Amino acid sequence: MKKITLNNFGNSEQMKLNEVDDLSPNDNQVLVKHMAIGVNFIDIYQRSGLYPLNLPSGLGLEASGIVEAVGENVKNFKEGDRVCYCNGPVGAYSTHNLVPENLLIHLPNEIEFETISGGFLKGLTAYFLLHDVYNVGKGDTILFHAAAGGVGSIATSWAKALGAIVIGTVGSEKKLQYAKSNGCDHVINYTTSSFKDEVDNITNKDGVSVVYDSIGKNTIEDSMDSLKRRGLLVSFGNASGVPDPINILDLMKKGSIFVTRPTLFDYVKTREQLDTASNSFFEALINKNVKIDIQQRYNLIDVAKAHDALSNRETMGATIIIP
Ligand SMILES: NC(=O)c1ccc[n+]([C@@H]2O[C@H](COP(=O)([O-])OP(=O)(O)OC[C@H]3O[C@@H](n4cnc5c(N)ncnc54)[C@H](OP(=O)(O)O)[C@@H]3O)[C@@H](O)[C@H]2O)c1
């Protein structure tokens, strides 16, 4: 068995591939042999120490594969089952992981291992953002940053399927074409023009119902200024850095707006929530309302290259690692 170990926080070179002793499951644990592993921006926050882990640590939160063995108290899984997980335990960058039964999901036969590994965490994120944080539907115009990214490409096509008018932002012309082909009604290159001004033009100065902002520091101010009266800013990531503190009086001045800073893990806290989100996402995938588009594949030994490409804004769609 092999796994990526992190001994110090820092750049991508801190991730080391090691041979490890064979794992065997206890109690409610399930031993999963990985077929494919998902790469997410949160892995970069954890590697860098922005979201600290207890070191030494494994890395990676999502993978799919086959059950190899189960602990004595496991009830719902058996050897040979096709499974996936996206809520840890940290250590998915490996050939095998021990996953508590309550975090593991049966993978429908219609969905391939590679596909789900590229988008389970991203898809459940899109689910809770579009359904639970704000219920997106017909009549909403929404702004979604990094629309060509992993979460962005799933969420924008899903929002479109829910009937919203979708404005996406991207960092390059190539990504602009990609986001358009995923169903965005309008795409703005926010590296060459002001997205706030473009949103004003598109909405006749009304603003949007909700802004989904995972960029953070560089965009949060203009995101608030892109909202309509009593609109909602959903700050759900920090790709450009942690946003500066917000002056609460500004929420009034900008039109009695709302701000929330949610994390997926508080929206799939119970088994019932995890099952509801997973089933809804699987259904959307099987019905082709959303797709997971794997644009980058790496071997486990090359995980540093995967991280560098993601943090340097070189990727589109999803990135996976083959163990
Ligand atoms: N709160 C939650 O529960 C939750 C769950 C999942 C993901 N997230 C967040 O959602 C975001 C997307 O995650 P993902 O894994 O799908 O990543 P991703 O969107 O595939 O990659 C991040 C994208 O952010 C954009 N970006 C803008 N400024 C950047 C900068 N200075 N450095 C790096 N990237 C920059 C880039 O797109 P452009 O070049 O087009 O700008 C880049 O491709 C991340 O911020 C992540 O933390 C949050």
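Numbered by my numbering, the letters in the sequence shown go through residues -16 to 306 in order.
Backbone N, C-alpha and C fix where the C-beta goes; we use that ideal spot for every residue, glycine too.
Since this is a predicted model, take the numbers as computed values, not measurements.
What separation, rounded to the nearest whole angstrom, lies between the Cα atoms of residue i and residue j?
i	j	result
C69	I88	9 Å
A129	A138	10 Å
Q12	P228	41 Å
K274	V73	25 Å
L232	F103	38 Å
V53	K(-15)	19 Å
S209	V191	6 Å
R280	S(-5)	17 Å
M251	L257	Rather than Met, the amino acid found at residue 251 in this sequence is Val. For V251 and L257, the distance between alpha carbons rounds to 5 Å.
N92	A289	28 Å
T174	N272	29 Å
V57	N37	27 Å
S31	T259	32 Å
V194	D10	43 Å
A301	D196	18 Å
Y110	F264	7 Å
Residue i by DSSP, collapsed to three states: which one?
i	result
F241	strand
E2	strand
I125	strand
R296	coil
G101	helix
T108	helix
L86	helix
T259	helix
S177	coil
S40	strand
K211	strand
T152	strand
What residues are listed by DSSP as bridge partners for residue i?
i	result
A301	I277
G48	H17, V66
K(-15)	E2
I229	Bridge partners of I229: none, in fact.
Y195	F127, V217
H361	Look at the range of the chain in this structure, -16 to 306, and you will see that residue 361 is not part of it.
H169	I150
Sorted by chain position, which residues of the same chain lie with C-beta nearer than 7 Å to residue i's C-beta, five sequence neighbours on each side aside?
i	result
T186	T124
S239	R212, R213
N165	S136, T139, S140
CB-CB under 6 Å to residue i, same chain, minus the five flanking residues each way: which ones, in chain order?
i	result
L121	Looking at the sequence provided, one finds Lys at residue 121 rather than Leu. Correct list, in chain order: G146.
K16	G48, I49, E51, H79
C376	Lying outside -16 to 306, the shown extent of the chain, residue 376 is not represented and no answer is given.
K163	V170
A292	T298
Compute the minimum distance between the beta carbon of residue i and the heavy atoms of ligand 2, and state whether it is under 6 Å.
i	result
V153	No copy of ligand 2 appears in this structure; the ligands present are ligand 1.
By Cβ distance, which residues of its chain are closer than 8 Å to residue i, with the 5 residues on each side in sequence left out?
i	result
P8	L14, A52, V53, G54, V57, L81
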